[in-house]
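Input: a single structure, listed below in structure tokens.
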Amino acid sequence: MVSFGEYGLFWSGSTPPTLSPPPSRHSRKDANGPPPRQPQPRQYVFSARSNSEEPLFSSLRRAETFPDVLEALLGRSIASSNVGSALVIVAFALGGGNLLATGRWITFVVCLSALAVVAVFEMKGSACLVCVAMVVFFTSTVLMGDTSVQWLATEAFVSLAALTILAMVLQMVQVDPRGHVMLREPCDVATEEVVIKNDCCMDVKLLLFDGTDICRLVPKGGLLGGVLISRGSSHMLGTKPPYFVKFYAPWERELGGFQVSGGKYSLRETAPALALSTSESPCFTNGSDEHVAVCFCSTECWTCSLWLPLAPLLARLVGWPVSHVAPQESIKLSTPCMLRVYSTGLLGALFQRANAVVREQESAEYLGSIQWTHPPSKVRKSTSSLIKVVH
């Protein structure tokens, strides 16, 4: 396998081991034979890589675009970091701080409202006008000599506050980047078409960005845009790669961001918390060692919308059937349905452990959530690894 990004994922074995049949009570040879082989847990090894060891001069010589220059200077991939977003936020913070420091409160409110409308509806032309206006105000303040210690303090405070808010938002919405991976499936014919298949057990929301977009704050279609990719279905992004995609799950949790070129890709969970299997008598089994609360609702319910940020909380509170399941206990499952697994306790509704779209004649087993070990302190958090399978 060849991986891209700061985190490289490597594992041994492409298929999980199979269980041997249980010993027969009518066969002495089987009874005295070796015990049935138990499935071995799949091991995942991630390596953190950086481009900082490459000479700066060589990196700059290969740079063809502005993101390439930033990657050479920072020693890391812009596709696997939030550097571009931070730079844009700081630029707008400097413009807004200048308006506040010079007493242009009405202009500040107008610019802020215009930026909100631009972000919602992706109005690139209007965004350019707002940026030009803020640059003009900032330049005129510097050239006219209206700067002061108070002006510098205001600029520093607004920039720091903006970066702090950005860091807090990213910390709340981003999950561990090792939880999901993108696999490039083999293709006999080279193609410019980019197709992504959702091989997770749940529906996901896809946000699309141009490959040259270093900001990646406003996707195509605006903040209210995005594409729903149902479990097991595929979606074609276009024929003009590269693209940058982000995937979101309920609670507006960002599963990862990936840079993709031509070909077919598969989004998968590294270690799924729920295992789905075909069954004539659908049931839910708690295969973990903790008590969980399980909520069932129709797949057409409004609480299944991925555009509703508090959907998992509302699904738990609106009165849908909730069952408490003890470890190794099973309950009957009415399919098809949206299955949600929560923690128990007073604040259990705030902690959704897993969710899945369970189809007709399917059973679900909760295997428990995992805790990834922290990477070394010198390694910074990046987006999920992009994997290419080589046959």
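Going by our numbering, the first residue of the sequence shown is number 13, and it counts up by one from there.
From the three backbone atoms N, C-alpha and C, an ideal C-beta is built for every residue, glycine too.
It should be emphasised that the depicted structure is a prediction, and the values quoted were computed from it without experimental measurement.
Those residues which DSSP pairs with residue i across a bridge
{"i": "Ile241", "result": "Val216"}
{"i": "Cys227", "result": "Answer is none; Cys227 lacks a bridge partner."}
{"i": "Ile382", "result": "Partner(s): none; Ile382 has no beta bridge."}
{"i": "Arg412", "result": "As shown, the chain starts at 13 and ends at 403. That puts residue 412 outside it, with no answer to give."}
{"i": "Phe296", "result": "Ile343, Ala376"}
{"i": "Val201", "result": "BP columns for Val201 are empty, so no partner."}
{"i": "Ser246", "result": "Lys209"}
{"i": "Gly268", "result": "Phe259"}
{"i": "Asp222", "result": "Tyr255"}
{"i": "Gly360", "result": "Per DSSP, none; premise fails for Gly360."}
Span of the beta strand (DSSP E), counted from its first residue to its last, around residue i
{"i": "Glu197", "result": "192-197"}
{"i": "Ser355", "result": "349-355"}
{"i": "Gln364", "result": "364-370"}
{"i": "Thr290", "result": "286-290"}
{"i": "Ala305", "result": "304-309"}
{"i": "Val334", "result": "334-337"}
{"i": "Val257", "result": "255-261"}
{"i": "Leu318", "result": "Neither: Leu318 is in no beta strand (DSSP E) and is coded neither H nor E."}
Unbroken alpha helix (DSSP H) run spanning residue i, endpoints
{"i": "Thr151", "result": "136-155"}
{"i": "Phe112", "result": "The displayed chain sequence assigns Leu, not Phe, to residue 112. Leu112 -> alpha helix (DSSP H) spans 95-113."}
{"i": "Arg328", "result": "323-329"}
{"i": "Glu167", "result": "161-185"}
{"i": "Leu127", "result": "117-133"}
When the options are compared against residue i, the one with the closest alpha-carbon
{"i": "Gln162", "options": "Ala131, Gly109, Phe133, Cys199", "result": "Gly109"}
{"i": "Val132", "options": "Leu164, Ala174, Pro231, Glu302", "result": "Pro231"}
{"i": "Thr356", "options": "Glu302, Tyr260, Thr176", "result": "Glu302"}
{"i": "Pro254", "options": "Ser300, Leu178, Leu240, Glu205", "result": "Glu205"}
{"i": "Val272", "options": "Thr203, Trp332, Gly360", "result": "Thr203"}
{"i": "Val102", "options": "Thr114, Met135, Ser171", "result": "Ser171"}
{"i": "Leu318", "options": "Thr159, Arg265, Ala128", "result": "Arg265"}
{"i": "Cys123", "options": "Leu111, Ser346, Gly115", "result": "Leu111"}
{"i": "Gln364", "options": "Ser293, Glu341, Glu292, Leu286", "result": "Leu286"}
{"i": "Lys276", "options": "Val130, Pro284, Ala139, Ser246", "result": "Ser246"}
{"i": "Asn94", "options": "Asp215, Met180, Gly274", "result": "Met180"}
{"i": "Phe308", "options": "Ala105, Arg371, Phe150", "result": "Arg371"}
{"i": "Val154", "options": "Leu175, Gln186, Ile177, Thr114", "result": "Thr114"}
{"i": "Ser293", "options": "Pro284, Ile343, Pro321, Cys316", "result": "Ile343"}
{"i": "Gly360", "options": "Gly299, Leu325, Ser152", "result": "Leu325"}
{"i": "Val337", "options": "Arg328, Gly299, Val130, Cys313", "result": "Gly299"}
{"i": "Pro284", "options": "Leu195, Cys313, Asn367", "result": "Asn367"}
{"i": "Lys252", "options": "Arg116, Glu341, Val207, Leu288", "result": "Val207"}
{"i": "Val201", "options": "Gly223, Trp117, Gly274", "result": "Gly274"}
Status (buried if at least 16 other CB within 10 Å, exposed otherwise) for residue i
{"i": "Gln183", "result": "exposed"}
{"i": "Gln383", "result": "exposed"}
{"i": "Arg49", "result": "Per-residue confidence for Arg49 stands at a pLDDT of 41, beneath the threshold of 50, marking its modelled position as unreliable; the derived number appears in the next sentence. Exposed is the call here."}
{"i": "Leu362", "result": "exposed"}
{"i": "Lys258", "result": "buried"}
{"i": "Glu374", "result": "buried"}
{"i": "Met156", "result": "exposed"}
{"i": "Pro339", "result": "exposed"}
{"i": "Met146", "result": "buried"}
{"i": "Gly137", "result": "exposed"}
{"i": "Ala376", "result": "buried"}
{"i": "Val144", "result": "exposed"}
{"i": "Cys167", "result": "Looking at the sequence shown, residue 167 is not Cys but Glu. Under this definition Glu167 is a buried residue."}
{"i": "Ile90", "result": "Low confidence applies here, because Ile90 scores a pLDDT of 48, under 50, leaving its location unreliable; read the following figure in that light. It counts as buried."}
{"i": "Asp215", "result": "buried"}
{"i": "Cys140", "result": "exposed"}
{"i": "Tyr260", "result": "buried"}
{"i": "Thr224", "result": "exposed"}
Residue i and residue j closer than 8 angstroms at C-beta
{"i": "Gly380", "j": "Leu267", "result": "no"}
{"i": "Val306", "j": "Ser335", "result": "yes"}
{"i": "Ser278", "j": "Asp211", "result": "yes"}
{"i": "Leu219", "j": "Leu249", "result": "no"}
{"i": "Ser125", "j": "Cys227", "result": "no"}
{"i": "Met350", "j": "Thr290", "result": "no"}
{"i": "Pro262", "j": "Ala165", "result": "no"}
{"i": "Arg243", "j": "Cys213", "result": "yes"}
{"i": "Leu240", "j": "Cys295", "result": "no"}
{"i": "Phe149", "j": "Gly107", "result": "yes"}
{"i": "Gly234", "j": "Glu134", "result": "yes"}
{"i": "Gly238", "j": "Lys217", "result": "yes"}
{"i": "Val330", "j": "Tyr378", "result": "no"}
{"i": "Val2", "j": "Leu229", "result": "Absent from the structure is residue 2, since the part of the chain shown begins at 13 and ends at 403."}
{"i": "Thr193", "j": "Thr282", "result": "Reading the sequence as shown, one finds Val at residue 193 and not Thr. Yes, the Cβ-Cβ distance between Val193 and Thr282 is below 8 angstroms."}
{"i": "Ala174", "j": "Ala128", "result": "no"}
{"i": "Val121", "j": "Val130", "result": "no"}
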